[in-house]
Amino acid sequence: MSVAREDQPEGDLRLQAAAPAYPDASNDIPVIDEESLDPEFMRLVEVFSGNQYVNSCIQCGTCSGSCAFSYKMQQTPRKLMAMIRAGMRDEVLASDTFWYCTSCYYCTARCPRGINLTEVMYALRHLAGKRQHAQAAVFYDCFNSVLRSYGRLYESGLLVRLALKTDPMSLVAYGPLGVKMFLKGKLNLLPERVRALDEIRKLYDIAAEMEEGL
Amino acid sequence: MNFAYYPGCSLHASAREYDESTLAVFQALEVGLEEINDWNCCGATALPSTNYLFSLLVPARNLALAEQKGQIVAVACNSCFVSLRRAKTVYENNPEWRSKMREAMERINVSFSGKAQVRHILDIVVNEIGLEQIAARVKRPLQGLKAVPYYGCQIARPLNEFAHTELPTEMDRLLQTLGVKVLRYDHKTKCCGGSHIATKEADTLGLNQELLEEAQMRGAEAIVVSCPLCQLNLDAYQEKINQRFGTNYQIPVVYFTQLLGAALGVPLRKLGLSRNLVPARRLVEKHIEEVL
Ligand code: SF4
Ligand code: SF4
Ligand code: SF4
Ligand code: SF4
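Protein sequences, first through last, are from chains A and B. Residue numbers for the first sequence follow our numbering, so the first one is 1 and each next one is one higher. Residue numbers for the second sequence follow our numbering, so the first one is 215 and each next one is one higher.
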């Protein structure tokens with residue numbers, strides 16, 4: 001239901017439509033020089049997304065329309081797909097779009113071409129890897145290292161590692177909630193460990209080795 | 215019936231009441247639930263964000279452990295459910311990565327065939343045990359409790375096979391069987407932002423404010439969930455949301471297993487009802503008393 005705003009005459013819908021409500025509504029795909037395109041990039045994204053067929057995207061925008069964070073992203077999911085296909089590697093990997101993805105699978109459920117966009121978003125994070133310093137990237141790295149330390153997630157340990165790497169003062173902000181959780185018996189002070197931790201560490205090395213050169 | 219129970223890390227920490235109530239409910243229903251020995255974290259959304267193959271192997275190790283016992287895996291956390299299913303689905307459908315997964319598992323001497331089935335406990339309760347069974351065992355119906363079912367995003371999405379991807383009805387029907395008055399809830403599979411609460415707090419609180427707002431608007435006395443992360447965001451952060459948006463929500467966020475347990479006559483102290491941060495115990499007591 002739309003409510004006419006006081007400062008705009010109700011009948012004048014065309015004027016309202018002219019102002020882009022989403023970044024996607026403008027025509028701001030940058031002009032780029034063809035030399036900088038990476039023809040290999042789309043293939044890499046396809047490999048690390050478990051072989052999604054990026055080329056089958058019909059640019060319908062269903063993904064963008066379904067995503068709760070489209071309005072925050074530098075590029076909407078639909079536009080990102082076009083950029084991947086064009087080979088705009090550096091622009092894509094510098095985007096914040098895939099760091100906003102919450103893995104809600106809405107786009108995936110609705111894509112008429114059966115593309116698993118959630119996997120595409122994961123693949124982009126994986127490929128952006130260390131070059132990206134988004135706070136989300138640091139969070140996932142800390143999670144990964146906690147997992148290799150204990151085999152299980154240790155929530156308090158993860159938050160401390162994250163804070164030390166980003167903003168130590170944020171721990172103070174967690175304080176009151178942490179105390180409450182502790183009193184309700186919801187906070188572990190010590191991590192649980194997997195006995196066969198060496199299996200997990202070996203899997204990490206083996207996976208890294210097998211992915212090399214793909 | 216005997217299931218291989220995969221609690222996941224949250225159920226051993228911030229979602230302890232989900233673990234307690236799940237175990238109590240399965241015991242009351244006389245369905246075996248045996249925790250997988252030496253299970254490891256599934257990797258959630260974090261491992262796929264850093265390494266592809268590793269993110270498939272980590273959950274695969276859990277599947278391998280369940281497979282050795284020939285059991286169906288019963289999962290409580292939506293996110294664990296997706297991680298385990300994701301590994302299984304890639305193994306089944308993608309020959310290129312299947313051979314890599316197989317080789318890696320062979321190199322650590324763990325036999326793995328991807329055969330173990332993965333099911334969410336909500337699916338097991340509604341479709342395996344069945345609502346007729348449940349109805350026959352309800353001792354204390356939660357007459358008149360008004361609630362909205364919040365499934366969260368990941369439980370229903372593609373490849374999960376048991377529920378409609380956008381408008382599932384499993385929890386609705388289960389709650390109705392318990393005597394709960396289930397209210398309309400259009401946000402039932404909208405995302406709560408998950409672990410983004412740790413890195414994009416302001417944006418994530420916004421998503422949760424919308425979820426709480428519809429619950430309030432419908433007149434819900436409780437939000438019923440099936441995922442520890444949804445529960446954390448809606449419950450533990452409710453006060454922060456109130457501060458930030460100038461709202462005044464006081465809506466208990468309970469696991470479906472807590473209500474199911476109460477209705478089945480499980481003693482309330484076994485359901486962890488005093489662990490929910492927005493007090494939930496009184497509400498459940500009130501509706502039980504009305505019947506007694
Ligand atoms: S929904 Fe699918 S086909 Fe449509 S734009 Fe998005 S990726 Fe492309
Ligand atoms: S999975 Fe990611 S990109 Fe897709 S709709 Fe959800 S948040 Fe948006
Ligand atoms: S999803 Fe969360 S709770 Fe479940 S195993 Fe993974 S990290 Fe642990
Ligand atoms: S709703 Fe939230 S916590 Fe639940 S599965 Fe989705 S992101 Fe995860």
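For every residue, glycine included, the Cβ atom is placed at its ideal position computed from N, Cα and C.
Annotation for N447(B): C406, I411, N422 place their beta carbon closer than 6 angstroms to its own, counting only its chain and skipping 5 residues before and after. Judged by DSSP in its simplified three-state form, L487(B) adopts coil rather than helix or strand.
For M73(A), the shortest separation between its Cβ and any heavy atom of ligand 1 does not lie below 6 angstroms. Around S409(B), the same chain offers A258, T259, A260, L443 as residues with beta carbons nearer than 8 angstroms, after the five sequence neighbours per side are excluded. Assigned with DSSP and collapsed to three states, I455(B) falls in helix. By the Cβ neighbour-count rule, L356(B) is buried, with 16 or more other Cβ atoms within 10 Å of its own. No Cβ of chain A is located within less than 7 angstroms of the beta carbon of T471(B). For P77(A), the distance from the CB to the nearest heavy atom of ligand 2 is below 6 angstroms.
Of the residues assessed, N374(B) falls on the buried side of the cut-off, its CB having 16 or more other CB atoms within 10 angstroms. Closer than 7 angstroms to the CB of S103(A) there is at least one CB belonging to chain B. For A128(A), not one C-beta of chain B is nearer than 7 angstroms to its own C-beta.
Taking 7 angstroms as the cut-off, the Cβ atoms of T413(B) and A136(A) count as close.
D252, W253, N254, C255, G257, A258, T259, A260, L261, P262, S263, T264, N265: these are the residues of the segment 236 to 265 of chain B whose beta carbon lies less than 8 angstroms from some beta carbon of chain A, given in chain order.
In this structure, the straight-line span from the alpha carbon of K395(B) to that of G175(A) is close to 37 angstroms.
Below the 8 angstroms Cβ cutoff, chain B contributes L267, K314, E317, A318 as neighbours of M210(A), in chain order.
Under the three-state reduction of DSSP output, Y100(A) falls in the helix class. Minimum Cα-Cα distance from N216(B) among the listed residues I335(B), Y266(B), R230(B) corresponds to I335(B). Between Y105(A) and R230(B) the beta-carbon gap is near 27 angstroms, outside 8 angstroms, which marks them as no contact. Nearest to L491(B) by C-alpha distance, out of R113(A), R152(A), F182(A), is F182(A). Separation of the CB atoms of Y364(B) and K402(B) is rounded to 6 angstroms, and the pair is thereby assigned contact status at 8 angstroms.
In this structure R489(B) is buried. Its beta-carbon is surrounded by 16 or more other beta-carbon atoms within 10 angstroms.
Proximity of chain B to D167(A) at the Cβ level (cut-off 8 angstroms) is not reached, the minimal Cβ distance being about 11 angstroms. Contact between the segment 51 to 62 of chain A and the segment 103 to 117 of chain A is present: three or more C-beta pairs spanning the two stretches fall below 8 angstroms. Residue pairing by DSSP places F217(B) opposite L247(B), I286(B) in a beta bridge. At least one beta carbon of chain B lies nearer than 7 angstroms to the beta carbon of T108(A).
Look at V54(A) here: in three-state DSSP terms it is helix.
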